[in-house]
Structure formats: C-alpha cells, structure tokens
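Numbering (UniProt numbering), first residue to last: 1 to 844.
For every residue, glycine included, the Cβ atom is placed at its ideal position computed from N, Cα and C.
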Ligand code: BES
Ligand code: ZN
C-alpha cells in the first residue's frame, strides 16, 4: 500500500488569512486565503477536496497549478523557495454529508431553518479552503466570514469577534487570530442561535449555544458543568485554559458525538442539551462529553499528535480525563461506575476477537483514518490503559508528569514516547517499557490462577473469543492483588509462588487480582481459589461483584467455562440493590437470551428467572421516584422495569398501561426515566398502526433527542408487519429520520426477530444509497458492526458472508467484515455447544 504523502515536508504554513462568503440559499461558498509560510521545494502541494480554484498568486503574479483530485491536492510550481505568501481564490459547494462546511436542518414554529457549521476532523478542512491539512502543520488562523444573514442571526468561531463595528457596514464577521494550531481544529457556526454565558474563575467566557427550537433552560446544565470542568483542568494540568473563550454549540445534524474545535466545541444535541424532563443517565452523559471535549482543549489542541497513528494520545487520554474530572467535581455520582458498565465491557469484548487493531496503529491511507476511531479500542481500551497507568504511577506522579509534558510541548506536536518520557521523569518508573506491549499489541491477557502442591501458579495467555491464531503475546500485568506478599507486576508467561498456605494465613478474604478493575485483563480463578471467591461474592464491594460476574461471563463466551454455570450465579443476586450488580445481571441475561427460543418452555423458565431476580427491587422501587431518592435508584429502576416489561409481567404491564393512559395526549411529559418502558409496553399491548403513527408523529414534532431515541426503541418492539413496513419506509426520508440517526434505528430493529429479516434485506438492497448518504461518515461501519453483533444462525452468517466478503477491499469496513465473520461464527458455535446445558440450567 502506498504511504500517505505528507505535504508539510515541502511547505510549512505559518498563518492563514481566510475569508469565506457563504450562501445558504445556493448551497455554495466562495473565498480567498492568504497562506504565509516557508516553501522547502519548488514543487509544493496543498490539500483541497472538491474545490474550484480560480487563481494562485505569489507577489501578484499568477502561478501555474495542477489539480490532483485523486490525492485531494493542488500542485503548485514555485519560482522560488523560502518564506512567501500565496493568495488563492476558490469556490466550493455545500453538501449534506456532515463534513467540511455543511448545513443542519431544523424547524421552529413550523418554519424550516438552517444552521451552517463545520466538521474538519480528521481531514476535512481541505473541503473548505486550500491548506496543509495535517495535524503537524500548525499555524495561526485569521478567519472572517459573510453569509446570507437574516435579522438576529450570529456567527461564532474559535476566537472572539474583533471589529464588530465594521461588520455593521460590511456584514463581515472577523475573528481574532487563533493560537498556533492544527487545521482540523478550525471551526465556525452561523445562523439563528441562542446562547447563555458565564465566566470561569480565571475569567474565560464560557457559552452554550443551540438553535431556538429548544427552551433556553436546556442550556443551563452544560454551562454549569463546563465552567467547573475548566476550573478543574486548569488546576490539574497546571496550565491556564489557553484562549479567551470556550463556546459549545449543539447542532441538529452531526456525524460524530462531539468535536473539540478549540474554543468552539460542536455537539450532537443529545450530548449538550438537557431537557427539564431528563434522566440521570442523560445528564451524566452530557457532563462526560463536555468534560471529554474540554480535556482535548489541552490534550489534542494545545499539544497535538504528530500524525494520526498516535490518535490515542488525543482520544484515549480525553476518555480517561472525562471520568477523572467529573468524579472530582461531582463525587456523589460515582461516575467510574459508568466506565465499568460501558467502556470496560465494550473493550473486553471487542479486544478478544482476533484481528482487532491495537491502540497505536499505523495509517497508510486516508481512508483508514476514520477506522482509527474505534470506540471500543482507541476510546475504551485506550482509556482503560490510561487508568491502569495512572493507578500504577499514582495520581500525584501522573499529574506532575502531565505538567512537564505541557510545559515542554505546548503549541507543538508529539508522539507517544514524549508522554512516556514526561511521566517517567515525574515517577522514576520506566513507563515506556511498561506501556509498549499494551499499546502496540492487539488483545489482552487472561491470568490463570491456581494452587498446586501449595504453590500459587499464575500464568498468562492472550484471551480470545472465537477462532484465532495465538501468537504467544505477553504483557507486563499489574497484579494489583488484595493480598500482600505478591509481586507488583508479572512479565513472564508463568510464575510459581511457593508457600501458598502461609500467604493465605497472613491475609484475609479470598485472593483477588486486579482490584478496582483498572487494569486491562481478566482472571480465571481455578479450583479452591474460585470456590473461595464465589463463596464470598455477595460480600464483595460492588465493583468487585460486577468484575467477578463480568469475568465469568467472558470466560463463558470464550467456551473456557460453561455458560450454564452463570445461571446459578444469577440466582444468588436477587437481594442486590446496586446499579453495578443490576448491570452485571443485565449483561448475563442478555447473554442467556441468545439460547432461548421464542415461545418455548425455556422461555417460560427464563421469564420466571427474570421475575425472581428483579422482584425484590421492583417492590422496593416501583414506577414512582421517591422524593430525594439516590440517582442510583433511578438507574436500577430502569433496568428492573425494562426486564419486567420485556418478559411481559402482568402486574408491571398494567401499571405501565395506566401511566400511558394518564399521559396519552402528551406522551413527551411521561417522566423521562420511565418513559421508555411505558412506550414499549404500550406497543406490546396495543401494537396498532395508529399507535405507531402517533409515535412517529411525536418523533418528528419533538426537539428532545432522548425522547426520539426512546420512541425509536419503543417502535422496534412491534410485531406488526405493517408497522415495520411503515418504519422502514422512513429510513430514507430525511424529514423523519435524520441521516445521523439512521444507524440507531437500524440497530434497534435488527435486534428484534420480528423485524430483522425486513431491515437486513432493506440494508442490502439499499447499500449504495447508504454508502452515498453515510459513506464518509462515522456511522457507516455500523451497518457492518450491528449485524455482526446480532446474528446467531448459520443462514445469517452465510448471507453476511455473501454480501460483505466481496467488499473486503473497502478499507472503511474491511476489518469489521473479517472480525464480524469470526464474531458470528463464534456465537453460532457457542449456542450450539451450550444450548442444551443452558436450557437445563434455566429449567432446573
Ligand atoms: N475528536 C472526536 C470527534 C471525532 C471523532 C471527529 C472522529 C472526527 C472523527 C471527539 O473528541 C470525540 O471523541 N467525540 C466522541 C464523543 C466523546 C464524548 C466520546 C464521539 O464523537 O463519539
Ligand atoms: Zn475525543
């Protein structure tokens, strides 16, 4: 494969002076840019994609240039090298693909409106103006913009506006010069936006913006969080927030979740706005996303990876800091529980499939850049590795190392080694040699622990689910044992520790490894160690309970232990009231469900088991929130009710129906925390086309993205073929389902047996439409990932293979196709070998 050409090797930009004139009506823009910099060669190139270039001038002389569209570049022949300013006139089109400069569509009081904004990461600045569009090519930016502006509309960019007076005459918005930064961080947003602002301790102006389709109160929560998180980071990183403002804007159309543009962070609405009727989970999510993007203002924006192969420096780090900061400002939320129940299982699952990428991964082709943003790897695994490192070094040495790193590299670019060096200096530990194997190798180890002849024997092997080729990889495993007298880390394949009985006599409780579940491995306890651990399961702290159950479940997924054995663990958990255990139960039940055929005796047994496990919590929590109840109770209630409704418990269904009747004329007002189950229950009870249509109408009418998601999920519970057909008809109707939300609709319907055939067929028949609409988009690979995560029959595997194997040369989805094939095959294998045993255990 040819390497990506690095244009910064021949031209080093210093400053861009950019002017854009945008027409929303025509969906076009024209512009000019003066690029000052240094040419190291007479033949240079700038990135551009789908731009028309009218002229390139040097000292008022027109230069010759050639468009090189295949390489997204324009090639220029210079009469000289050295410092110079190139002036370029260009024009472009505004398209709907949510990259470069793009519109968002929304409706206020029945009037259709548009906001224009940008998405330049990873390499889409080149769609807006010619530039060296590589993270290493840092420069300052002077940005100004004019648009078909209407009364009351505004423009925002990375920096404060300067010369607002002149704007009154010219209509041109001009912004102060940015600090030295990468092109992917430039941004603007314009249209009829409302905002609220506040100041941090240090005087930074923080602002939250959204369209006027939302109540202004929906901005308040994020504003409070953003101010406090900036205060926290300034203290923790020891570096002041680097620019005058920190604006955050929610956009109706958005490809990713959020984007850390320096000073102008952009979001999907669901990740910034909090409706008055909201859930604990959605508020925590908003706080985490804001904290994530704010972490990037230092890690990513102030100091940036040299090249995309070190993307983990940005993302793994921000994904760790979001939890560290929210935990610091809202300790009562126990926000690490969110990581334990989302990121951790996601990483442990995906990283167990052979063929997965490592956290640090080479990038040889621009099409590969998108595939780097693997949520389970660069985000979840990467941040788990960071938490592991932070624990190994201690928080003080960790924070001190970051200060060294920022002092040394601010406004510059780095590779992973630069971070390790700074952390080694602050801690005195060899960080690189500890971390390299974790970052460079795919996968993770399973630590097997057993006792033989009074020796404690620990051994490590790569943990796989499904077909694999074991390459004999090893890691330096932090043992983090709850007993003293054991080594700190283990690098060998096997260690034998003598005198186990003496060790046991000196310590209390069952031996456990990886306490607090911060390191990236699982443990397989054998023999007496397992017996001891399991006999104390219900006495452990909640994280350890979740961890123990999660580890047994993963071992069962891999076929190392029997799935049926999990049923007896579940039966011990009916008195547990924590969110962590409720989520552990949820994971196991979701695993068991795959063995249960619809309308079978086993289903009856499974349903009874579900009711037994959750009855006590249901009686404790009911539907109504108690005044001053803990946030955790709301979260447990959601899991409990959702299972009770899904197994069709009559008592719970009756109560849910009564709530629906009460709110029938305005279902959006059902308390958000129970709205999902009430909406699902109604579909299950009634399942008429009229009800489905009323949900779709509510979907179009609302501006609350959480309510929209709940409606989609509720609709997926239909068994009515007419309803399924009605929904699938909307998949291509952008006035109902926004392209950004299509993969969510697809996923929820694909998981339901009544709808699977229809939506799977739809996706194959409409593949070229999906590719055209979402091909450059983050969510495109979901159309491979979701079937792979769902299918469990040979017939579906054959269909998956027949459809996707011919597309293996498409770099955007190639890895997910080959991993998907293994994943489905492993699931089929598991179901066929374990089914009888699981059925028997459920019926016992
Ligand atoms: N830098 C990313 C956004 C991004 C991802 C842009 C991929 C272009 C390509 C941003 O910081 C991010 O990580 N966003 C997450 C949400 C986050 C809170 C985990 C996302 O978009 O999923
Ligand atoms: Zn990020």
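Go through its chain and collect everything with a Cβ distance to residue 450's Cβ below 6 Å, but skip five positions before and after it. In chain order, 457, 526, 527 place their CB closer than 6 Å to the CB of residue 450, counting only its own chain and leaving out the 5 sequence neighbours on each side.
Compare the C-alpha of residue 117 against each of 126, 123, 104 and name the closest. Among 126, 123, 104, the Cα nearest to that of residue 117 belongs to 104.
8 Å Cβ cutoff met for residue 353 and residue 819: Closer than 8 Å, so yes.
Can you give the Cα-Cα distance for residue 811 and residue 374, rounded to whole angstroms? Looking at the two C-alpha atoms, the distance is approximately 14 Å.
Residues bridged to residue 75 by DSSP? Residue 75 pairs with 45, 66.
Does the beta-carbon of residue 237, which I'm using as the reference point, lie nearer than 7 Å to any heavy atom of the ligand BES? When distances are taken from the beta-carbon of residue 237 to the heavy atoms of the ligand BES, even the shortest one reaches 7 Å or more.
Looking at residue 542: is its Cβ nearer than 8 Å to the Cβ of residue 578? The Cβ atoms of residue 542 and residue 578 sit closer than 8 Å to each other.
Consult DSSP for residue 118 and reduce its assignment to one of helix, strand or coil. Reduced to three states, the DSSP call for residue 118 is strand.
Give the straight-line distance between the Cα atoms of residue 567 and residue 349, rounded to the nearest whole angstrom. When rounded, the separation of the alpha-carbon atoms in residue 567 and residue 349 is 20 Å.
In chain order, what residues of the same chain have a beta carbon less than 6 Å from the beta carbon of residue 856, not counting five sequence neighbours either side? There is no way to answer for residue 856, as the model of the chain reaches only from 1 to 844.
Pairwise C-alpha distance: residue 480 and residue 514: Near 5 Å, if we compare the C-alpha coordinates of residue 480 and residue 514.
Within the structure, which residues are defined as neighbours of the ligand MG by a Cβ-heavy atom distance below 5 Å, reported in chain order? Inclusion of the ligand MG in the displayed structure is not the case, the ligand content consisting of the ligand BES and the ligand ZN alone.
Check whether the stretch 665-685 touches the stretch 700-715, taking contact to mean three or more Cβ pairs, one atom from each stretch, closer than 8 Å. Yes, since at least three Cβ pairs between the stretch 665-685 and the stretch 700-715 fall closer than 8 Å, the two stretches touch.
By C-beta, the residues closer than 5 Å to any heavy atom of the ligand ZN, given in chain order: Output, sorted by chain position: 315, 318.
Could you give the DSSP three-state label for residue 523: helix, strand or coil? Strand, per DSSP.
Could you give the DSSP three-state label for residue 421: helix, strand or coil? Under the three-state reduction of DSSP output, residue 421 falls in the helix class.
When DSSP builds the beta bridges, which residues end up paired with residue 37? Residue 37 is bridged to 13, 84.
So the candidates are 764, 122, 831, 9; which of them puts its Cα closest to the Cα of residue 370? Residue 122 is the option with its Cα nearest to residue 370.
Between residue 856 and residue 715, how many whole angstroms is the CB-CB distance? I'm expecting something under 8 Å. Beyond the ends of the chain as shown, which are 1 and 844, falls residue 856; an answer cannot be given.
When you compare the CB positions of residue 242 and residue 184, do they come within less than 8 Å of one another, or not? Note that the C-beta distance between residue 242 and residue 184 is not below 8 Å.
Indicate whether the contact test is met: 3 or more Cβ pairs, each with one atom in the stretch 318-337 and one in the stretch 374-389, closer than 8 Å. With a cut-off of 8 Å, the stretch 374-389 and the stretch 318-337 count as touching, because enough Cβ pairs lie within range.
In DSSP terms, what residue 268 is bridged to: Beta-bridge pairing links residue 268 to 251.
From this set, 246, 221, 209, which residue's C-alpha is nearest residue 203's C-alpha? Considering only alpha carbons, the answer is 246.
Can you list, in chain order, the residues of its chain whose CB lies under 6 Å from that of residue 704, leaving out five sequence neighbours each side? Once the five neighbours on either side are set aside, the close Cβ partners of residue 704 are 275.
Kindly indicate which residue of 250, 13, 503 has the alpha-carbon position closest to the one of residue 132. A check of alpha carbon separations from residue 132 across 250, 13, 503 identifies 13 as the nearest.
Helix, strand or coil for residue 312, going by three-state DSSP, please let me know. In this structure, residue 312 counts as helix in the three-state DSSP scheme.
Relative to the C-alpha of residue 523, which candidate in 40, 448, 486 has its C-alpha closest? When only C-alpha atoms are compared, the closest one is 448.
How would you call residue 850, buried or exposed, if buried means at least 16 neighbouring beta carbons within 10 angstroms? The requested residue 850 is not part of the displayed model; the chain covers only 1 to 844.
Check this for me: beta carbons of residue 120 and residue 186, under 8 Å apart or not? Judged by their CB atoms, residue 120 and residue 186 are nearer to each other than the 8 Å cut-off.
Report back the beta-carbon spacing between residue 129 and residue 90 to the nearest angstrom; my notes put them in contact at under 8 Å. Yes, they are in contact, since the Cβ atoms of residue 129 and residue 90 sit about 7 Å apart, within 8 Å.
Proximal residues to residue 420 (C-beta, below 8 Å), its chain only, five neighbours per side dropped: Sequence-distant partners of residue 420 (beyond 5 residues in either direction) whose C-beta falls short of 8 Å from its own C-beta, in its chain, are 431, 432, 435.
Please say whether residue 269 and residue 210 have beta carbons closer to each other than 8 Å? It is a contact, given that the beta carbons lie within the stated cut-off.
Residue from 530, 794, 731, 110 with nearest C-alpha to residue 769: It is 731 whose Cα lies nearest to the Cα of residue 769.
Rounded to whole angstroms, how far is the Cβ of residue 20 from the Cβ of residue 29, which I believe are closer than 8 Å? Right, their Cβ atoms sit about 5 Å apart.
Keeping to the same chain, check which residues put their C-beta closer than 6 Å to that of residue 368; ignore five residues upstream and five downstream. 811.
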